[in-house]
Every structure is written in structure tokens, then in C-alpha cells.
Amino acid sequence: MILMKDIVRDGDLVLRQVAKPLTFPLSDHYKQLAEDMMEYLVNSQDPKIAEKHQLRAGVGLAAPQVGEGVQMAALLVPDDKGEIIFKEVYVNPEIVSESVRQACLSEGEGCLSVDKVINGYVPRPDKLTIHYYTVDGEEKTIRLKDYPAIVSSHEIDHLNGHLFYDRINKKEPFALKENTVVIS
Ligand SMILES: O=CN(O)C[C@@H](CC1CCCC1)C(=O)N1NCCC[C@H]1C(=O)Nc1ccccn1
Ligand code: NI
61 MILMKDIVRD
71 GDLVLRQVAK
81 PLTFPLSDHY
91 KQLAEDMMEY
101 LVNSQDPKIA
111 EKHQLRAGVG
121 LAAPQVGEGV
131 QMAALLVPDD
141 KGEIIFKEVY
151 VNPEIVSESV
161 RQACLSEGEG
171 CLSVDKVING
181 YVPRPDKLTI
191 HYYTVDGEEK
201 TIRLKDYPAI
211 VSSHEIDHLN
221 GHLFYDRINK
231 KEPFALKENT
241 VVIS
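Taking this note's numbering, the leading residue of the sequence shown gets 61, the next gets one more, and so forth.
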């Protein structure tokens, strides 16, 4: 079971490296890692389990955040009623196209690997097309928009050594390009 102590924090080099692609069939180690990462998200979104184990609720988790520099990320995205609207483990994900239009979360972003609060809008593509493999090696291409797209962009950034605050405008953290969608 992944706990907060297993989550690598900003400053650790693994969060700033480009993660290595995985080959198929995945070894048992990486199949287990995928399960453990998804289990963390499920546990962290369960108030009782999160309280018991002091887990910070998360909607996504990338392998480098648990010290594994490989191209794998788990996503468990709920809507504002707590219903899961997107659940997937990406292996070797690539953004094949992204909208010019940008979107950002109205409350800005945080990261389980960044302990400090960094304020500011984090502009990301409003829509994106992602090509990836499932844990079983099945190839998929999906188009996402809104919150699932934001979460996917945040996780794929982790696989390329980027953290959310890299995208905040240093001079004007709350400046926005005119056609940016603000998602609350
Ligand atoms: O790389 C992955 N991470 O760093 C975990 C992040 C990923 C999200 C941040 C912005 C887009 C993706 C994460 O989930 N959070 N960031 C830090 C604390 C809050 C938490 C969060 O937003 N929790 C949440 C939100 C809605 C419903 C339930 N829980
Ligand atoms: Ni993160």
C-alpha cells in the first residue's frame, strides 16, 4: 500500500528527469506498480481510509512521484458529486494533439509532491488527444476536455520532468490569454 511517506517531494531529481518508456509485456513489478498507484488514489478518495492512513486525496499519480522513473500514471477523476468520470492507467502516454484554447482550474493547482502552496493559474490545453497503452499492452487514442484533460496534462508533465508551477506566469500569476477557459 502506497503511503504519504512513499511520495517523493520536489527537490528529488527523479521529479525533474524524463521518465523511461516501458516495454511490453510489463513485468510483474510494473503491473503491481500500476495497481498500487490506482489503489492509492482509491484509498485517498475514501474519507475513512484517507483519515486512517493520513493520505492526501489525489485524482492522479505519476510513477516518478513514487520514485519510479518510468512512463506510467494512474488517474481517478471524480465529478463534483464524487462520481468517477475517468479512471485509467496510462503507459507510455503521448499528447498527439492539443487545442490552442487553454484551460485552467479556478483555484490553481497543487501537487502531492509539492508541499508548499504556489498560487497562480496553470494554463493547459482545453482539449487534448492522448495516445497511450493500457497495462495489458492495448493501444488507445482518446480525446479529453475539461477536468480530465487538465489532470492528464498534469500527469504527463510529471513524466517529462515538469511540475505545475513551471507553467505559472512568474510576473503575473493570474494573467490569462483571452480565450482561456477557467474551470471551477
Ligand atoms: O500528480 C498528481 N498529483 O500531484 C495529485 C494532484 C493532481 C491534480 C492537481 C491539479 C490537477 C491534477 C492532486 O490530486 N491534488 N493536488 C494536491 C492536493 C489536492 C489534490 C487534489 O486535487 N485532490 C482532489 C481533487 C478533487 C477531488 C478529490 N481530490
Ligand atoms: Ni502532481
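Just so it is clear, CB atoms sit at the ideal spot from N, CA and C, and this is done for glycine as well.
All values derive from a computational prediction rather than experimental measurement.
Identity of the residues DSSP links to residue i by a beta bridge
i	result
His191	Glu154, Thr201
Ile243	Leu165
Ala122	Ala133
Pro138	Ile144
Val27	Outside the shown range of the chain, which is 61 to 244, sits residue 27, and nothing can be said about it.
Under the three-state DSSP convention, the category residue i falls into
i	result
Asp186	coil
Asp206	helix
Glu111	helix
Lys147	strand
Val78	coil
Gly211	The sequence as given places Val at residue 211; Gly does not occur at that position. DSSP places Val211 in helix when its eight states are reduced to three.
Asp70	strand
Residue i versus residue j: straight-line alpha-carbon distance, rounded
i	j	result
Val149	Tyr90	11 Å
Lys141	Gly118	16 Å
Pro153	Glu111	32 Å
Glu169	Gly180	8 Å
Val137	Lys231	31 Å
### Residue list, Cβ distance to ligand 2 heavy atoms smaller than 6 Å
Counting only beta-carbon distances shorter than 6 Å to the non-hydrogen atoms of ligand 2, the qualifying residues in chain order are Cys171, Leu172, Ser173, His214, His218.
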